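Here the sequence shown stands for residues 58 to 182, where the numbers follow the working numbering.
Beta carbons are placed, not taken as given, at the ideal position from N, Cα and C, and that holds for glycine.
Given the structure is predicted, the values throughout are model-derived calculations rather than measurements.
Structure first, then comments.
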Amino acid sequence: MPIARCPRCRQAEVHIDEQPSCPGCGAVWESGAELAGEYAEEILGLNSYTWVKDGGEEPTAECPDCGEQAVVSIQPGDTTFWTMMCMSCESLFNDRCTRCSAPQHREDGDLIICTTCWNDVVSRS
58 MPIARCPRCR
68 QAEVHIDEQP
78 SCPGCGAVWE
88 SGAELAGEYA
98 EEILGLNSYT
108 WVKDGGEEPT
118 AECPDCGEQA
128 VVSIQPGDTT
138 FWTMMCMSCE
148 SLFNDRCTRC
158 SAPQHREDGD
168 LIICTTCWND
178 VVSRS
């Protein structure tokens, strides 16, 4: 299971639950979305202001599993296979939909677009 390092002390593994916390420095976040936003800004150097102003990678994404705006990219040192993790439900993702950029778990042979986009494409046919 990949780990997410604390965006404040950068040492300990964050415990992800209803109120995420860091056992190392004692930091507590109100939600996984709050933790994801801070992780994106402090660890990845991404923030919403810059994203809206300049474009580029959105700092956080909505989790297709739990619906929270809490998916962030995981630093390469935190994992070897997974590239994104939800800071609310701990779901793991290794790809993005090529149509809408939603996080998804894709295995060899799977569609390159998410189910929502696939259903949209099929309904327009």
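Write down the C-beta distance between residue i and residue j rounded to the nearest angstrom, noting that I regard them as a contact closer than 8 Å.
| i | j | result |
| --- | --- | --- |
| Q126 | T117 | 5 Å |
| A69 | M144 | Not quite, the Cβ-Cβ distance comes to about 15 Å (not below 8 Å), so this is no contact. |
Using the C-alpha atoms, what's the distance from residue j back to residue i?
| i | j | result |
| --- | --- | --- |
| A84 | E99 | 14 Å |
| C157 | S130 | 16 Å |
| A90 | D167 | 28 Å |
| E95 | D177 | 33 Å |
| C79 | S182 | 49 Å |
Within the continuous alpha helix (DSSP H) that includes residue i, where are the two ends?
| i | result |
| --- | --- |
| V179 | T172 to R181 |
| W86 | It is not in any alpha helix (DSSP H) - W86 carries neither H nor E in the DSSP assignment. |
| D111 | S105 to D111 |
Could you tell me which of the options sits nearest to residue i, measuring between CA atoms?
| i | options | result |
| --- | --- | --- |
| C154 | R163, S105 and A97 | R163 |
| P160 | E87, C63, V128 and E147 | V128 |
| C146 | W175, R65, H72 and C66 | H72 |
| I169 | E75, D152 and D111 | D152 |
| P121 | R67, G102 and M142 | M142 |
| E119 | K110, C63, L149 and A61 | L149 |
In the DSSP assignment, find the beta strand (DSSP E) that holds residue i and state where it starts and stops.
| i | result |
| --- | --- |
| S130 | Q126 to S130 |
| C66 | Element bounds for C66: n/a, residue is neither H nor E. |
| M142 | M141 to C143 |
Based on DSSP bridge pairs, tell me the residues matched to residue i.
| i | result |
| --- | --- |
| L149 | M142 |
Hey, does residue i have any beta-carbon neighbour from chain B nearer than 8 Å?
| i | result |
| --- | --- |
| C157 | The structure shown has no chain B; it contains just one protein chain. |
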